[in-house]
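Undergrad: End of the sequence shown = 335 in the numbering used here, gap-free, step of one. Note that the Cβ used here is the ideal one computed from N, Cα and C, for glycine as well. Below you'll find the structure I mean.
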Amino acid sequence: MSNKTFSIKTMTTVELSLAVEWAAEEGWNPGRFDASLYHAADPNGFLMSYLGEEPIGCISVVKYDDSFGFLGFYIVKPEYRGQGYGIQIWNEGLRYLEGCNIGLDGVLAQQENYKKFGFKLAYRNIRFEGTGGVESLDGLNAQLNTQFNAPNSARLVRLGDLPLEKIQAYERPFFPANRAGFNRLWINQLDAEAIGIVEGHELVAMGVIRKSRDGYKIGPLYADTPDLADTLFLALNAGTAKEDRVFLDVPEINASALSLASRYNMEPSFETARMYTGVFPELPFERFFGVLSFEIG
């Protein structure tokens with residue numbers, strides 16, 4: 039341990055941008071505008087540790103409400119690892135989320151360490167990597183109409199054109215807490231496309247693709263059926279080129295989601311352990327084809 043003063047502070051948006059840079063150095067490939075979007079989810083839920091004036095570690099502990107929070111961005115600069123600094127910011131983060139059921143997506147190798155703090159394995163998430171470039175949105179709309187055997191029975195729409203309450207009503211079952219304000223920012227972020235499928239007057243699928251440091255990330259991807267998920271996946275890819283890399287984080291317990299990734303020649307590139315300190319949330323995994331974010335749930 040150094041003789042310099044160790045301290046932990048709530049991050050500013052500038053400091054969160056630094057944490058995102060650290061995440062990029064770890065190979066996590068964050069989205070281009072993740073820092074400001076994540077900060078909006080809970081401005082008090084991002085902590086940075088300092089040794090003297092030097093930032094050396096970070097953690098995110100987003101408190102969505104008094105019952106649920108999500109832990110991520112747990113990083114200590116390589117030259118300061120193994121010196122007791124990480125556990126201090128970890129404990130400070132857990133104190134902030136005291137009383138909450140806490141979720142995290144951790145690397146598989148750290149599962150045993152997380153278990154020491156009460157985390158239990160729920161399932162694995164798998165990051166798949168593929169390439170972009172598909173047919174036009176017009177062609178996909180025609181495919182939808184054929185699929186449902188009725189002219190104009192289903193259509194692709196931009197989520198920004200729908201009432202927020204309709205989007206929130208559809209998204210709500212997929213996450214343990216209400217995050218309507220965050221969803222509004224997420225679907226309207228720069229360098230991104232947010233698309234839904236409407237059948238009749240009901241939203242039956244929704245997803246977002248955003249530009250990341252390397253290629254594009256799809257997340258979330260929710261759909262009532264595998265066929266709808268397939269069409270939405272293609273729609274989200276419609277603005278990408280064949281040379282672009284595309285990433286999709288899939289809950290392993292949805293066999294249809296694994297099949298979708300395989301069908302488009304996507305290969306596993308990374309895995310996480312989704313863990314919780316409390317009861318596992320009951321989520322509609324048969325309709326859950328893509329995670330919004332490993333960092334904030």
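May I ask which residues mark the beginning and end of the alpha helix (DSSP H) holding P264?
TA: First-last of the alpha helix (DSSP H) with P264: P264 to N275.
Undergrad: Mind checking whether N216 and R222 have CB atoms under 8 Å apart?
TA: Cβ distance not < 8 Å, so N216 and R222 don't count as in contact.
Undergrad: Smallest Cα separation from D282: which of R251, D268 and T51?
TA: Cα-wise, what sits closest to D282 is R251.
Undergrad: Helix, strand or coil: which one does DSSP assign to P189?
TA: Unreliable positioning characterises P189 in this predicted model, as indicated by a pLDDT of 44, which lies under 50. A coordinate reading is not provided.
Undergrad: So for N139, helix, strand or coil by DSSP?
TA: Looking at N139 - three-state DSSP - the assignment turns out to be strand.
Undergrad: Measure the Cβ-Cβ separation of G137 and G335 and say whether it is below 8 Å.
TA: For G137 and G335, no; Cβs fall outside 8 Å.
Undergrad: Using DSSP bridges, identify the partner residues of D287.
TA: R165, per the DSSP bridge assignment.
Undergrad: Give me the Cα-Cα distance between F84 and Y152, rounded to the nearest whole angstrom.
TA: Straight-line Cα distance between these residues: approximately 19 Å.
Undergrad: Keeping to the same chain, check which residues put their C-beta closer than 6 Å to that of F157; ignore five residues upstream and five downstream.
TA: Taken in chain order, the residues that qualify are M313 and T315.
Undergrad: What's the call for V317, buried or exposed, on a 16-neighbour Cβ count within 10 Å?
TA: Per the 10 Å Cβ criterion, exposed.
Undergrad: Can a CB atom of chain C be found closer than 8 Å to the CB of I247?
TA: You won't find chain C in this structure, because it holds only one protein chain.
Undergrad: Using CA atoms only, rank isn't needed, just tell me which of A160, L194 and V52 is closest to G238.
TA: Of the candidates A160, L194 and V52, the one whose C-alpha sits nearest the C-alpha of G238 is L194.
Undergrad: For F327, report the span of its beta strand (DSSP E) as first-last.
TA: First-last of the beta strand (DSSP E) with F327: F326 to G328.
Undergrad: Tell me the DSSP secondary structure of L200 in three-state form.
TA: In the structure shown, L200 sits in coil (DSSP, three-state: anything other than H, G, I, E or B).
Undergrad: Check whether the Cβ atoms of P289 and F323 sit closer than 8 Å, and answer yes or no.
TA: For P289 and F323, yes; Cβs fall inside 8 Å.
Undergrad: Excluding the 5 residues flanking D103 on each side, which residues of the same chain have their C-beta closer than 6 Å to its C-beta?
TA: Cβ within range, chain order: A215.
Undergrad: Cβ atoms of N303 and G110: under 8 Å apart, would you say?
TA: Not in contact: G110 and N303 (Cβ atoms no closer than 8 Å).
Undergrad: Quick check: the segment 257-273 against the segment 87-95, are there 3 or more CB pairs under 8 Å?
TA: These segments do not touch.
Undergrad: Here's the rule: buried if 16 or more other CB atoms are within 10 angstroms of the residue's CB, otherwise exposed. What is A79?
TA: Label assigned to A79: buried.
Undergrad: Less than 8 Å separating the beta-carbons of E320 and R162?
TA: Against a cut-off of 8 Å, the Cβ pair of R162 and E320 comes out as no contact.
Undergrad: Comparing C-alpha positions only, which one of E203, K255 and G245 sits nearest to F71?
TA: Of the candidates E203, K255 and G245, the one whose C-alpha sits nearest the C-alpha of F71 is K255.
Undergrad: Consult DSSP for E231 and reduce its assignment to one of helix, strand or coil.
TA: E231: strand per DSSP, three-state reduction.
Undergrad: Enumerate, from N- to C-terminal direction, the unbroken beta strand (DSSP E) stretches of 3 or more residues contained entirely within the segment 103-160.
TA: List check, beta strand (DSSP E) in window: 106-114 and 139-145.
Undergrad: Helix, strand or coil for V317 per DSSP?
TA: V317: coil per DSSP, three-state reduction.
Undergrad: Of the residues L241, L159, Q227 and A230, which one's Cα is nearest the Cα of I291?
TA: Nearest C-alpha to I291: L159.
Undergrad: Classify E309 as helix, strand or coil using the three-state DSSP reduction.
TA: Three-state DSSP puts E309 in a strand.
Undergrad: Given a cut-off of 8 Å on the beta-carbon distance, is the pair S294 and P264 in contact?
TA: Yes.
Undergrad: Please list the terminal residues of the continuous beta strand (DSSP E) segment that includes G219.
TA: Segment A218 to I225 is the alpha helix (DSSP H) holding G219; no beta strand (DSSP E) there.
Undergrad: When we look at the beta-carbon of S98 and count the other beta-carbons within 10 Å, is it buried (16 or more) or exposed?
TA: Its Cβ being crowded by 16 or more others within 10 Å, S98 is buried.
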